[in-house]
Amino acid sequence: MGLRDFLNKLEEIGELRRVKARVSVDLEIAEILRRVARGGPALLFENIDGFDGWRLVGNIFSKAERVKLALNCDPEEAGSKLVNMIRAPPLSLPDKVRMLSDVISLGRHLPKLSGADWKKGKWDRVDLERIPAIRTWPKDASRFFTFPIVITKDPETGVHHLGVYRMQLMDSKTTGMHWHVHKRGAAYMRKHSGKMPVAVAVGVDPALAFTAVAPVPEGIDSYVFAGIITGRSFEVSRGELTDLLIPSDAELVIEGEVSDEMRLEGPFGDHMGYYTPPSPFPVFRAGAIYTVEDPIFHATVVGYPWLEDSVIGKGIERLFLPLARMIIPELVDMNIPEYGLFHGLAIISIRKRYPGQARSAAMGLLGIGQFSLTKIVVVVDEDVNVHDINEVIYAIATTVDPRRDVQIIENAVTDELDHASSTPRLGSKMIIDATRKLREELGREWPERVEPDPEVARRVDERWREFGI
Numbered sequence: 027m028g029l030r031d032f033l034n035k036l037e038e039i040g041e042l043r044r045v046k047a048r049v050s051v052d053l054e055i056a057e058i059l060r061r062v063a064r065g066g067p068a069l070l071f072e073n074i075d076g077f078d079g080w081r082l083v084g085n086i087f088s089k090a091e092r093v094k095l096a097l098n099c100d101p102e103e104a105g106s107k108l109v110n111m112i113r114a115p116p117l118s119l120p121d122k123v124r125m126l127s128d129v130i131s132l133g134r135h136l137p138k139l140s141g142a143d144w145k146k147g148k149w150d151r152v153d154l155e156r157i158p159a160i161r162t163w164p165k166d167a168s169r170f171f172t173f174p175i176v177i178t179k180d181p182e183t184g185v186h187h188l189g190v191y192r193m194q195l196m197d198s199k200t201t202g203m204h205w206h207v208h209k210r211g212a213a214y215m216r217k218h219s220g221k222m223p224v225a226v227a228v229g230v231d232p233a234l235a236f237t238a239v240a241p242v243p244e245g246i247d248s249y250v251f252a253g254i255i256t257g258r259s260f261e262v263s264r265g266e267l268t269d270l271l272i273p274s275d276a277e278l279v280i281e282g283e284v285s286d287e288m289r290l291e292g293p294f295g296d297h298m299g300y301y302t303p304p305s306p307f308p309v310f311r312a313g314a315i316y317t318v319e320d321p322i323f324h325a326t327v328v329g330y331p332w333l334e335d336s337v338i339g340k341g342i343e344r345l346f347l348p349l350a351r352m353i354i355p356e357l358v359d360m361n362i363p364e365y366g367l368f369h370g371l372a373i374i375s376i377r378k379r380y381p382g383q384a385r386s387a388a389m390g391l392l393g394i395g396q397f398s399l400t401k402i403v404v405v406v407d408e409d410v411n412v413h414d415i416n417e418v419i420y421a422i423a424t425t426v427d428p429r430r431d432v433q434i435i436e437n438a439v440t441d442e443l444d445h446a447s448s449t450p451r452l453g454s455k456m457i458i459d460a461t462r463k464l465r466e467e468l469g470r471e472w473p474e475r476v477e478p479d480p481e482v483a484r485r486v487d488e489r490w491r492e493f494g495i
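With the working numbering, the residue at position 109 of the sequence shown is 135, and numbering never jumps.
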C-alpha cells in the first residue's frame with residue numbers, strides 16, 4: 027500500500043481533507059497542520075505557492091486508528107509477531123516444525139525487487155530548492171525535510187536501515203544530516219572510510235514511514251522488520267547511483283552521499299518544544315533527484331505536545347511492549363506519556379515477587395536499545411493503571427520514601443536533544459520505585475489497604491435503585 031493508496035483510504039473514511047487554497051511552505055503550512063494535529067484529519071495541500079506541480083501531505087498519523095490502518099493491525103499485535111520470530115531456539119520437534127513455518131513465512135516478507143515509477147522522472151539537474159520542504163518555526167535556520175526516509179546500508183552485513191533524520195536545506199545541492207551519535211546512520215558512517223552512499227525517499231508506504239521512526243533492533247533489516255510487523259513484503263528498486271534498495275512507490279527519491287564534511291546545522295524547533303542551537307553535523311550531497319508525475323511531498327511538524335509525533339510515539343510504545351516483556355518477564359505494561367517527550371519519562375508496572383525487583387526491572391528497560399535514552403523511570407505494582415496519571419501519582423505519594431526509593435544514575439547516555447543535560451549526550455537518570463515494599467525493603471509488614479466489605483458492597487449494588495440517588 028503506497029502513500030497514494032493510503033490517502034485514498036483515508037478519504038473514503040472521512041479522514042482526509044483537501045486544501046485547495048494557495049498556501050506557503052514558509053511557516054503557513056506548519057501553522058495549519060499544528061491547529062488540526064490533535065485528532066484532526068490528514069491534510070493534502072494542492073496549491074503550494076512557488077511549487078506548481080507539487081502537492082504536500084501532513085498529519086497522516088495524527089490518530090491511533092490511522093497507525094493501525096497503516097500497519098494493518100494493532101501495534102501491540104505487530105510487536106507480538108516480531109517476538110514470535112526472535113523467540114528462543116526450538117528445543118522439541120513441534121517447536122522445530124513451528125520455527126520452520128516461521129522461517130518460510132519470513133521469506134514471504136522479504137523485500138522484492140521491482141521496477142519503479144520514480145526512475146522515469148529523473149531531473150535534468152540537481153536543485154533541492156525546487157522541492158517544497160517547509161519551515162516550521164520562526165527561528166528555524168531554513169526550510170527542512172521533516173519526514174525524509176534516509177536509507178543507509180551496513181557495509182559489513184548488507185543490512186539496510188531506514189531512519190528519519192531532519193535535513194536542513196543548505197543550498198541547491200546540499201543539506202544537513204541530523205543523525206545523532208546513537209543512531210544507526212551514524213554507526214554505519216563510522217564503518218565507512220570517506221564517503222557513504224545515502225538515498226532519501228519521501229512519500230512512501232506509511233508502514234515503511236512508521237518503521238523508519240521506530241527504533242528497529244540492531245542487526246535487523248528495516249525492510250524485513252516492516253515485513254514481519256505488517257505481514258507483507260515491500261517492493262524495492264536498486265538505486266542508480268548508490269546501489270541501495272529504495273521503496274519502489276516513493277514519490278521523491280534523492281541519491282547522494284555523506285562524507286566527513288561537517289557544517290553548522292540549526293537552529294530548529296524540535297520535539298522538545300525548544301530550539302536546538304546550531305551544532306556541527308554531517309553534510310548530505312545530492313547527486314540525482316527523481317520524482318513521479320504529480321509528486322506528493324510528505325512532511326510533519328514537531329514542537330511541544332500535542333502534535334503528530336505524540337501518536338507515533340504511543341504506537342512505538344505498543345509495538346515494543348511485547349519485546350520488552352520478553353526481556354523483562356515481570357513487566358506488565360508501560361506508558362511513555364506524550365508530555366514526557368518519548369525519552370523523558372517511562373512508567374512501567376511489574377509483578378513484584380522479591381526485594382529490589384523494581385530497580386532491576388527499571389535497569390533492564392534502560393538496557394534495551396533506544397530506551398537507554400530514557401531519563402526518568404517510574405515503577406509501580408501490577409494493579410496500578412500506568413495510563414492513569416492520577417493512579418501513578420497516588421502510588422508515588424503512598425509508597426515512596428525519597429531517600430530509599432529514588433536512585434540517581436550519573437554519567438549516563440542521554441538524548442542529544444535534551445538541553446537540560448549539563449553535557450551533550452551525557453547526563454543523569456532517575457529511577458523511582460513506587461511499588462509497595464516487602465518486609466526486607468521496609469523493615470516491617472506493609473500496611474493493609476482499606477477496602478469495602480464485599481458483602482455490604484454486594485447488597486448496596488442490589489438495592490441501589492431503592493436509594494433514589
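Where a beta carbon is used, it is the ideal one built from N, C-alpha and C, also for glycine.
Note that this is a predicted model, so its numbers are computed, not measured.
Inter-residue CB distance, residue i and residue j (contact presumed, cutoff 8 Å)
| i | j | result |
| --- | --- | --- |
| residue 221 | residue 182 | Residue 221 to residue 182, Cβ: 17 Å. No contact. |
| residue 274 | residue 141 | 7 Å |
| residue 158 | residue 82 | 6 Å |
| residue 16 | residue 334 | The chain is shown only over 27 to 495; residue 16 falls outside these bounds and no answer can be derived. |
| residue 211 | residue 186 | Incorrect: roughly 11 Å between the Cβ atoms, too far for contact. |
| residue 464 | residue 331 | Contact flag wrong, Cβ pair sits at about 37 Å. |
| residue 342 | residue 240 | 5 Å |
| residue 496 | residue 172 | Outside the shown range of the chain (27 to 495) lies residue 496, about which nothing can therefore be said. |
| residue 111 | residue 254 | 6 Å |
Beta-carbon proximity check, residue i vs residue j, cutoff 9 Å
| i | j | result |
| --- | --- | --- |
| residue 225 | residue 280 | yes |
| residue 270 | residue 209 | no |
| residue 70 | residue 44 | yes |
| residue 97 | residue 348 | no |
| residue 67 | residue 42 | yes |
| residue 328 | residue 203 | no |
| residue 289 | residue 303 | no |
| residue 345 | residue 167 | no |
| residue 309 | residue 196 | yes |
| residue 397 | residue 438 | no |
| residue 415 | residue 391 | no |
| residue 88 | residue 63 | yes |
| residue 313 | residue 176 | no |
| residue 276 | residue 59 | no |
| residue 143 | residue 291 | no |
| residue 337 | residue 90 | yes |
| residue 294 | residue 93 | no |
Proximal residues to residue i (C-beta, below 6 Å), its chain only, five neighbours per side dropped
| i | result |
| --- | --- |
| residue 411 | 417 |
| residue 155 | 198 |
| residue 233 | 96, 97, 252, 256 |
| residue 52 | 161 |
| residue 149 | 315 |
| residue 422 | 460 |
| residue 36 | 42, 68 |
| residue 174 | 193, 226, 228 |
| residue 268 | 223, 225, 281 |
Beta-bridge pairing of residue i - partner residues as DSSP gives them
| i | result |
| --- | --- |
| residue 273 | 262 |
| residue 407 | 376 |
| residue 433 | 457 |
| residue 222 | 284 |
| residue 91 | Paired residues: none, contrary to the question. |
| residue 52 | 161 |
Exposure of residue i, with buried meaning 16 or more beta-carbon neighbours within 10 Å
| i | result |
| --- | --- |
| residue 278 | buried |
| residue 445 | exposed |
| residue 80 | buried |
| residue 38 | exposed |
| residue 34 | exposed |
| residue 12 | There is no way to answer for residue 12, as the model of the chain reaches only from 27 to 495. |
| residue 493 | exposed |
| residue 78 | exposed |
| residue 249 | buried |
| residue 146 | exposed |
| residue 490 | exposed |
| residue 405 | buried |
Neighbourhood of residue i by C-beta distance below 7 Å, restricted to the same chain and skipping five residues each side
| i | result |
| --- | --- |
| residue 351 | 357 |
| residue 440 | 399, 401, 447, 451, 452, 453 |
| residue 377 | 356, 358, 408 |
| residue 296 | 302, 328, 443 |
| residue 394 | 350, 353 |
| residue 339 | 362, 364, 368 |
| residue 436 | 454 |
| residue 50 | 75 |
Residues near residue i by beta carbon distance below 8 Å, same chain, minus five either side
| i | result |
| --- | --- |
| residue 138 | 259, 260, 261, 262 |
| residue 40 | 67 |
| residue 432 | 426, 456, 457, 458, 459 |
| residue 286 | 220, 308 |
| residue 191 | 174, 176, 203, 204, 205, 209, 211 |
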